[in-house]
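Notes follow the structure.
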Ligand SMILES: Cc1ncc(COP(=O)(O)O)c(C=O)c1O
């Protein structure tokens, strides 16, 4: 399988981990040799309920028995799709009530910036330095990492960057700005939380100049920070909220939610302002609905904060300088990138899955499923500290 993997499947890095997956259940992934790996990454924050959660699997199976794909998005009324959008609306503050479902996080970002341009009639989009919003051309344009953008230029014009958490930079948001788009917690940058009511101040500035405030909740959203949406921790409210990853419970999804009034602008003059064949697919919507219900109805959200404390307590080590983030969106910051690489690779040998962050080479990603048990957390932390002990 290794040779075929390198030959037939497109690669994203020269050195993929190339584990041969047999199956996955709960907090564990099993390889073809029967070795179990405790998963501290959860498919990069996507498997919020762990692997193959019975309620998600049951929802997929029962929807598959009814119908699969029937029509391009937005034409027919499909119950799981409708119920999912209603449940999202129920748990968002007014006027955020209308959701457009798409196929991935990056497509939801594309949709949100199109919506902001269409709604305001302006073109300028302001994003934060060190942000990550996805990899299609529009989302990539929002990145300020020149080295990664350079081979793909020219990207979409009229994008400006401000420093995350800099109040001084808010003056760059003006009446020319269509939208300011920020991650609620900066992921790739190293799980940087907003400070001193920063997001609230951005919201106020957007209100003053008539710009749309977009929050990318693709990683922090759906319970990972102890609240259903990360912004609930920071005293603010966006005009468009973008979700993905953990919403699908392991299936591919993206969503952007705005007021009904704002969202209407995508369907008219011109009509079909955003279209997608498979967005809102009923099987994926059924999986997402089951996931969302479970996150809302269980104790997983308050428990995420208790689990954060367990991780902080058990990762108290001289080589860990800091633990950043909130809930189960955490990054252990070590002294040197070589230590990050060593710990991640050695941990995999020892049956623990860890991963890197995009732009912070000293960070070790810790984003386990919300369903991970306290015992599993302690077990995983011991693997990390024993590797660090031997340095
Ligand atoms: C904050 C954030 N935005 C957008 C994306 C892109 O989502 P996707 O990979 O589903 O396109 C990601 C994925 O890592 C992300 O973390």
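In our numbering, the protein residues as written are 292 to 682. Think of the CB as a built atom: it goes at the ideal place given N, C-alpha and C, for glycine as much as any other residue.
- Taking C-beta atoms under 8 Å as the contact rule, residue 546 and residue 392 qualify, at a distance of about 5 Å.
- Burial is judged here by how many other beta carbons sit within 10 angstroms of a residue's own beta carbon; residue 551 has fewer than 16 and is exposed.
- Counting only residues whose CB is nearer than 5 Å to a non-hydrogen atom of ligand 1, the list in chain order is 395, 396, 397, 424, 425, 474, 478, 507, 509, 510, 535.
- In the same chain as residue 465, and ignoring 5 residues on each side of it, the C-beta atoms closer than 7 Å to its own belong to 500, in chain order.
- Collapsing the DSSP output to three states places residue 389 in a strand.
- In the displayed model, residue 415 falls within a strand according to three-state DSSP.
- Leaving aside the five residues that flank residue 430 on each side, the residues in its chain whose CB is nearer than 6 Å to its CB run, in chain order, 397, 400, 424.
- With a 10 Å radius around the Cβ and a threshold of 16 neighbouring Cβ atoms, residue 565 comes out buried.
- Distance from residue 641 to residue 618 at the Cβ level is roughly 25 Å; contact not present, criterion being Cβ atoms closer than 8 Å.
- Judged by pairs of C-beta atoms under 8 Å, the stretch 364 to 376 touches the stretch 579 to 594, as three or more such pairs exist.
- The secondary-structure analysis by DSSP pairs residue 477 across a beta bridge with 483.
- CA-CA distance, residue 519 to residue 592, rounds to 7 Å.
- Beyond the five residues adjoining it in sequence on each side, residue 488 comes within less than 8 Å, by CB distance, of 525, 526, 527 in the same chain, given in chain order.
- DSSP places residue 425 in the coil class of the three-state scheme, outside both helix and strand.
- Under DSSP, no beta-bridge partner is assigned to residue 377.
- DSSP places residue 625 in no alpha helix (DSSP H) but in the uninterrupted beta strand (DSSP E) bounded by 620 to 625.
- In this structure, the alpha-carbon of residue 659 lies about 40 Å from that of residue 413.
- The beta carbon of residue 678 sits closer than 8 Å to those of 633, 634, 637, 638, 641, all from its chain and outside the five residues before and after it, given in chain order.
- Where residue 669 is concerned, the enclosing alpha helix (DSSP H) starts and stops at 665 to 680.
- For residue 657, DSSP records a beta bridge to 621.
- Under the criterion of beta carbons closer than 8 Å, residue 340 and residue 508 do not qualify as touching, at roughly 17 Å.
- DSSP links residue 451 through a beta bridge to 417.
- If you look at residue 352, you'll find it in the alpha helix (DSSP H) that goes 345 to 357.
- Residue 534 is bridged by DSSP to 546.
- In the displayed model, residue 410 falls within a helix according to three-state DSSP.
- Residue 635 carries a helical assignment under DSSP once its states are collapsed to helix, strand and coil.
- For the 9 Å CB-CB criterion, residue 421 and residue 479 form a contact.
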